[in-house]
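Chemist: Listed in order, the protein sequences are those of chains U and S. Residue numbering for the first sequence follows full-length UniProt numbering, starting at 1 and increasing by one per position. Residue numbering for the second sequence follows full-length UniProt numbering, starting at 1 and increasing by one per position. Before anything else, here's the structure in question.
Protein chains: 2
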Amino acid sequence: MPRKRVTIGDVAARAGVSKSAVSFVFNDRPGVSAAAKERILAAAADLGWQPSARARALSRSRTQAVGLVIRREPELLSTDPFFPQFMAGVEIGLTARDYSLVLHVVPDEKTERAAYERFARESRVDGVFLTDVRVGDSRPREIAALGLDLVVIAPEGADAGGDVVISMDDGAGVRRAVHHLHSLGHHRIAHVMGAPGYVHTEARRRAWQETLAELGLPIGPVVTADFTGAGGARATHELLDLPQPPSAILYGNDLMAIAGISAATDRGIRVPEDLSVVGFDDVPLAPYVVPPLTTVRQNVVSWGTAAAQTLVALVERKQAPTVQLPPVEFVVRGSTGPTRNRRPA
Amino acid sequence: MPRKRVTIGDVAARAGVSKSAVSFVFNDRPGVSAAAKERILAAAADLGWQPSARARALSRSRTQAVGLVIRREPELLSTDPFFPQFMAGVEIGLTARDYSLVLHVVPDEKTERAAYERFARESRVDGVFLTDVRVGDSRPREIAALGLDLVVIAPEGADAGGDVVISMDDGAGVRRAVHHLHSLGHHRIAHVMGAPGYVHTEARRRAWQETLAELGLPIGPVVTADFTGAGGARATHELLDLPQPPSAILYGNDLMAIAGISAATDRGIRVPEDLSVVGFDDVPLAPYVVPPLTTVRQNVVSWGTAAAQTLVALVERKQAPTVQLPPVEFVVRGSTGPTRNRRPA
DNA sequence: ATGAAAGCGCTAACAC
DNA sequence: GTGTTAGCGCTTTCAT
């Protein structure tokens, strides 16, 4: 059980120097002799002392912490493979620089706004990440107005309005998926969109459409859903009810795709014999559904790390390191196969 | 864009009072006239002022923040429905008292230990949650030695060594599952355990075993796995390779159960006709696999809220509110059915 | 190279 | 009731 809190004064006394000398050593600043430095470090180690983040935050006017606000409906919260991985990546970038992550999980827009306000007003964090960007999103401006540094995570090509962006190439994955289906002979390729309004939803739809056009395929039917299982099932029934149902469906995420397989199976439609299905995310369950899901995998952890490094650099007004983000992967499993209905391409 | 940071002094000046008056008002302490209070609140609102968490933390020697360390192997990270829901629940309990959550995601034990040390040494948080408790876990003692307040989240009956515990009744869910299978006529009911060493893994196994004994059923075969899909599949093959394979398998979580269905299907064994499968967690995908998964659902969000309220009370040395935790639910779907092999009970 | 001292913005004794 | 003032533990300028 620790006695009274040991402070910089104790360390200074033990090392026979002034408090500023100790401070200098712990901030990698010149002006302390090698001998003194040695004694100081020894004293600190003996006493088990480490600068108090509280006191430091006050005197430096920086908390050495950044914030992340997660807005998610309960249903989607534990579904989304994004946040856990993103946070794990963020952590890697943050601990390397001794930063902490302050998290808020909020249910709606009002609470979300309040969370950013609190971050700024209470000076709890120096900067924040912004994810789940929507089309015409006003939050970047609002956050900047609060005086917080900001790094936006958005798909490539999204309108960022001058903000610092870590972009992920959603389009590349979709293009590979469409090419894969095309090479299997499909030419009626539908798309089930995620929740409308998100730049991700849009980016994926656009890539689907453009790739079909490039390949000279007809722009297949598209249904708007909401990233949930129920929504994916509903959309699938809608597509299969069409007079001319698609032979392949590309879904905005894995959850909808898996629900889609289930919906098709219920109708007696076999996957992949009668219908090919492609997801997006590669959730851990994807290899274990029946049939195993063909899907797009992105390296979310690496975005997290890149975003964290960039935000820290921004906060410290330093040059952000240029990070090389690994490319998307396309994972072919059992849910896609050749068409039977039509001649191969 | 905000000008210079507004401080308590500005508010005091504008309201024509002293700083302490302002401080008193913002800490709900008596000793300020109604009139003064009104002027102070008005002034604060005009200036958009709010006490700085930084300064407050220093002078109160409390940060008004609590910490959560998540240790997870990459593979399991986005698989586990627990943490997102738990965090959402924690948030509810925390924001109500204006506390923040500081999060660390770590890959291994060494880093985990370092995270708690940093929490304490840097005085970043006032208390922490401890999850994923292992049998004979030394962390409660270590954390207490660091001077951090602690709330442990563990299944009922786990040895807590005097710590404050929010307990969830894993056993109740398992008992209902076994009774359900028994009522369907199964009497060879196997169990696939999660990763060894965790109190959850143990609690679930024990409940399975005790319930079988109560029902006069033979203690079926049990295989230790690791909560992963691959592990679940492997365990399933092992059980089905037995000279006398079980007619039902109870898995330690949904991911293993779903992988188990997949493994069985691959061998031409139909679920639920030839084999009944029960999971644990009720992940969002559970209703959408084929066949839909029968499983145990716990209200993780409510534990999070209870844990947060308890930790805040602990930190503030107040009486913890007694929280009523909702009971487990058992969700019957399509992956369980009557035995064909043997006579019904 | 080293030390003294003035903040950082708030809380809480204490005196008025 | 209300104002004054001394911390909280560190950083950082400025003499020495």
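Think of the CB as a built atom: it goes at the ideal place given N, C-alpha and C, for glycine as much as any other residue. Every value quoted in this text rests on a predicted model; they were computed, and no experiment measured them.
Are the Cβ atoms of U/ALA57 and S/ARG54 separated by less than 8 Å?
Modeler: One-based indexing of the first sequence puts residue 57 of chain U at position 57. One-based indexing of the second sequence puts residue 54 of chain S at position 54. Their beta carbons are under 8 Å apart, which means U/ALA57 touches S/ARG54 by this criterion.
Chemist: Assuming S/LEU150 and S/GLY127 are in contact, meaning their beta carbons sit under 8 Å apart, how far apart are those beta carbons, in whole angstroms?
Modeler: In the second sequence, residue 150 of chain S corresponds to position 150, counting from 1. In the second sequence, residue 127 of chain S corresponds to position 127, counting from 1. S/LEU150 to S/GLY127, Cβ: 6 Å. Contact.
Chemist: Quick check: the region 242-260 of chain U against the region 274-285 of chain U, are there 3 or more CB pairs under 8 Å?
Modeler: Yes: the two stretches touch, three or more of their Cβ pairs being nearer than 8 Å.
Chemist: Can you name the start and end residues of the alpha helix (DSSP H) that S/GLY231 belongs to?
Modeler: To locate residue 231 of chain S, count along the second sequence from 1; it is residue 231. First-last of the alpha helix (DSSP H) with S/GLY231: 229-240.
Chemist: 8 Å is my cut-off, CB to CB: does S/ARG14 come that close to chain U?
Modeler: Here residue 14 of chain S refers to the residue found at position 14 when the second sequence is read from its first residue. S/ARG14 does not count as touching chain U.
Chemist: Going by other Cβ atoms of all chains shown within 10 Å of its Cβ, with 16 needed for buried, is S/GLY337 buried or exposed?
Modeler: To locate residue 337 of chain S, count along the second sequence from 1; it is residue 337. Buried, because 16 or more other Cβ atoms sit within 10 Å of the Cβ of S/GLY337.
Chemist: The alpha helix (DSSP H) spanning S/ALA15 covers which residue range?
Modeler: In the second sequence, the residue the question calls residue 15 of chain S occupies position 15. Per DSSP, S/ALA15 belongs to the alpha helix (DSSP H) from 8-15.
Chemist: Which residues in chain S sit within 9 Å of U/MET87, going by Cβ to Cβ distance?
Modeler: One-based indexing of the first sequence puts residue 87 of chain U at position 87. The contacting residues are ILE70, LEU77, LEU103 and VAL105.
Chemist: Closest to S/LEU242 by C-alpha separation, out of S/VAL289, S/ILE258 and S/ALA190, would be which residue?
Modeler: Counted from its first residue, the second sequence places residue 242 of chain S at position 242. Among S/VAL289, S/ILE258 and S/ALA190, the Cα nearest to that of S/LEU242 belongs to S/ALA190.
Chemist: Spatial neighbours of S/THR294 within its chain, please: C-beta separation below 6 Å, excluding the five flanking residues on both sides.
Modeler: As a working mapping, residue 294 of chain S is identified with position 294 in the second sequence. Result list for S/THR294: VAL278, VAL332, ARG333, SER335 and THR336, in chain order.
Chemist: So, S/SER192 versus S/VAL223, is the Cβ gap smaller than 8 Å?
Modeler: Residue mapping note: residue 192 of chain S aligns to position 192 of the second sequence, counting from 1. Residue mapping note: residue 223 of chain S aligns to position 223 of the second sequence, counting from 1. The amino acid occupying residue 192 of chain S in the given sequence is Val; Ser does not appear at that position. Yes. Within cutoff.
Chemist: Listed in chain order, which residues of the region 134-149 of chain S have Cβ atoms closer than 9 Å to some Cβ of chain U?
Modeler: Within the region 134-149 of chain S, the qualifying residues are ALA144, ALA145, LEU146 and GLY147.
Chemist: Between the Cα of S/VAL90 and those of S/LEU68, S/GLN244 and S/ASP80, spot the shortest distance and give me the residue it belongs to.
Modeler: Along the second sequence, one-based indexing puts residue 90 of chain S at 90. Of the listed residues, the one whose Cα sits closest to S/VAL90 is S/LEU68.
Chemist: Where does S/ALA345 fall in DSSP's three states?
Modeler: In the second sequence, residue 345 of chain S corresponds to position 345, counting from 1. Because the pLDDT of S/ALA345 is 36, which lies under 50, any placement of that residue in the model is unreliable, and the question is left without a value.
Chemist: Here's the rule: buried if 16 or more other CB atoms are within 10 angstroms of the residue's CB, otherwise exposed. What is U/PRO326?
Modeler: Against the first sequence, residue 326 of chain U aligns to sequence position 326. The residue is exposed, with fewer than 16 neighbouring Cβ atoms inside 10 Å.
Chemist: Using C-beta distances below 6 Å, list every residue in its chain close to S/ASN299, excluding the 5 sequence neighbours before and after it, in chain order.
Modeler: For this step, residue 299 of chain S is matched to residue 299 along the second sequence. Excluding residues within five positions, the ones whose Cβ falls inside 6 Å are PRO326.
Chemist: When the cut-off is 8 Å and only beta carbons count, does U/ILE269 lie next to chain S?
Modeler: What you label residue 269 of chain U is simply residue 269 of the first sequence in a count that begins at 1. It does not; no Cβ of chain S falls within 8 Å.
Chemist: Can you tell which of U/GLN85, U/ARG29, U/LYS110 and U/LEU184 has its C-alpha closest to the C-alpha of U/SER302?
Modeler: For the purposes of this step, residue 302 of chain U is taken as the residue at position 302 of the first sequence. The residue with the shortest Cα to Cα distance from U/SER302 is U/GLN85.
Chemist: With a Cβ-Cβ cutoff of 8 Å, do U/VAL296 and U/ILE261 count as a contact?
Modeler: Mapped onto the first sequence, residue 296 of chain U falls at position 296. Mapped onto the first sequence, residue 261 of chain U falls at position 261. No; because the gap between Cβ atoms is not below 8 Å, this pair is not in contact.
Chemist: How far does the alpha helix (DSSP H) with S/GLY173 in it reach, from first residue to last?
Modeler: Numbered from 1 along the second sequence, position 173 holds the residue referred to as residue 173 of chain S. Start and end: 170-183.
Chemist: Could you please tell me which residues of the region 274-302 of chain U, in chain order, have their CB closer than 8 Å to any CB of chain S?
Modeler: Listed by position along the chain: VAL283, PRO284, LEU285, PRO287, TYR288, VAL289, VAL290, PRO292 and VAL301.
Chemist: Taking 8 Å as the CB-CB cut-off, is U/PHE83 touching chain S?
Modeler: Mapped onto the first sequence, residue 83 of chain U falls at position 83. U/PHE83 counts as touching chain S.
Chemist: Applying the 10 Å Cβ sphere with the 16-neighbour rule, what's the burial state of U/ALA43?
Modeler: Taking the first sequence and counting its residues from 1, the one referred to as residue 43 of chain U is at position 43. That one is buried.
Chemist: Mind listing the chain U neighbours of S/GLU210? Cutoff is C-beta to C-beta under 7 Å, in chain order.
Modeler: Translated into positions along the second sequence, residue 210 of chain S becomes position 210. Going along chain U, no residue has its Cβ under 7 Å from S/GLU210, so there is no contact; the nearest lies around 29 Å.
Chemist: Give the range of the beta strand (DSSP E) segment to which residue 413 of chain S is assigned.
Modeler: Only positions 1 to 345 of chain S appear in the structure, and residue 413 of chain S is not among them; the question remains open.
Chemist: So for U/TYR116, helix, strand or coil by DSSP?
Modeler: Along the first sequence, read from residue 1 onward, the residue named residue 116 of chain U stands at position 116. Three-state result, U/TYR116: helix.
Chemist: Roughly how many angstroms separate the alpha carbons of U/PRO155 and U/THR201, rounded to a whole number?
Modeler: The residue labelled residue 155 of chain U in the question sits at position 155 within the first sequence. The residue labelled residue 201 of chain U in the question sits at position 201 within the first sequence. About 10 Å.
Chemist: Enumerate in chain order the residues of its own chain whose CB-to-CB distance from S/LYS19 is below 7 Å, with the five nearest sequence positions on each side excluded.
Modeler: If you number the second sequence from 1, residue 19 of chain S lands on position 19. Contacts found: ILE8, GLY9 and ALA12.
Chemist: Count the CB pairs spanning the region 205-222 of chain S and the region 170-183 of chain S that are closer than 8 Å, and state whether there are at least three.
Modeler: The region 205-222 of chain S, when compared against the region 170-183 of chain S, does touch it at the 8 Å Cβ threshold.
Chemist: Mark S/THR305 as exposed unless 16 or more other C-beta atoms lie within 10 angstroms of its C-beta, in which case mark it buried.
Modeler: Within the second sequence, residue 305 of chain S is the residue found at index 305, counting from 1. Under this definition S/THR305 is a buried residue.
Chemist: In chain U, what lies closer than 9 Å to S/ILE261 by C-beta?
Modeler: Translated into positions along the second sequence, residue 261 of chain S becomes position 261. Those are TYR288, VAL289 and VAL290, listed as they occur along chain U.
Chemist: Residues in the same chain with beta-carbon distance under 8 Å from U/VAL125, minus the five sequence neighbours each way, listed in chain order, please.
Modeler: Your numbering for residue 125 of chain U matches position 125 in the first sequence. Around U/VAL125: THR63, ALA65, VAL66, GLY67, VAL102, PHE119 and LEU148.
Chemist: Apart from the five residues on each side of it in sequence, which residues of its chain come closer than 6 Å, Cβ to Cβ, to U/ARG343?
Modeler: Translated into positions along the first sequence, residue 343 of chain U becomes position 343. Per-residue confidence for U/ARG343 stands at a pLDDT of 41, beneath the threshold of 50, marking its modelled position as unreliable; no derived number is given.
Chemist: Would you say U/SER23 reaches chain S, if we count a Cβ-Cβ gap shorter than 8 Å as a contact?
Modeler: To locate residue 23 of chain U, count along the first sequence from 1; it is residue 23. Cβ-Cβ to chain S under 8 Å: no for U/SER23.
Chemist: Let's test the definition: count the other Cβ atoms within 10 Å of the Cβ of S/THR322 and tell me whether it reaches 16, buried, or not, exposed.
Modeler: To locate residue 322 of chain S, count along the second sequence from 1; it is residue 322. Exposed, because fewer than 16 other Cβ atoms sit within 10 Å of the Cβ of S/THR322.
Chemist: Is there a Cβ from chain S that is less than 8 Å from the Cβ of U/LEU255?
Modeler: If you number the first sequence from 1, residue 255 of chain U lands on position 255. So, interface residue.
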